[in-house]
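Participant:
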Amino acid sequence: MEKQNKLDLEVVILGGGFAGVYCGKSLLKTLSKGSRGRIGLVSDENYMEFQPMLPEVVSGSLSPRHVVNLISLRAGSSVESHFR
Ligand SMILES: Cc1cc2nc3c(=O)[nH]c(=O)nc-3n(C[C@H](O)[C@H](O)[C@H](O)COP(=O)(O)OP(=O)(O)OC[C@H]3O[C@@H](n4cnc5c(N)ncnc54)[C@H](O)[C@@H]3O)c2cc1C
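My numbering puts the sequence shown at residues 2 to 85.
(1) Whose CA, out of I14, S78, E57, G17, lies closest to the CA of V68?
(2) When you compare only the Cα positions, how much space is there between V13 and V59?
(3) Go through its chain and collect everything with a Cβ distance to L10's Cβ below 6 Å, but skip five positions before and after it.
(4) For E46, which three-state DSSP category applies?
(5) Does the Cβ of S62 have 16 or more other Cβ atoms within 10 Å, making it buried, or fewer, making it exposed?
Take a look at the structure:
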């Protein structure tokens, strides 16, 4: 049997980088609770990298875990996160 991959969302944001995560946060702030609908963010990774600090990771002055954040924590619990 074929797997169903249907998302029941009113707004879909593609990509969990800076643009996607901050778009989700901004929509939550801008739209009132009643008019928000269901906002979903689809990304291939469940984390977001803070790219400006990658050179510090490469040089060894920062640990990789200090420049990655879980998308679900960054975007806020009202944005549904889907990873594929
Ligand atoms: C070393 C470095 C330093 C930087 N320093 C600065 C700085 O000081 N100031 C500044 O303003 N900018 C800086 N930038 C640039 C900034 O990081 C980027 O402009 C920004 O990350 C772009 O955001 P984005 O959301 O468009 O893309 P990304 O952050 O690349 O996000 C794309 C997202 O889409 C997801 N994705 C991609 N393809 C698919 C797919 N097929 N299906 C599902 N998901 C997918 C990826 O997993 C990722 O989560 C720097 C970049 C680098 C590399």
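Ideal Cβ positions, reconstructed from N, Cα and C, are used throughout, including at glycine.
Facilitator: In this structure, then:
(1) Comparing Cα positions, the closest option is E57.
(2) In this structure, the CA atom of V13 is about 33 Å from the CA atom of V59.
(3) Excluding the 5 residues flanking it on each side, L10 has same chain C-beta neighbours closer than 6 Å at R39, G41, in chain order.
(4) Coil.
(5) Exposed, by the Cβ-count rule.
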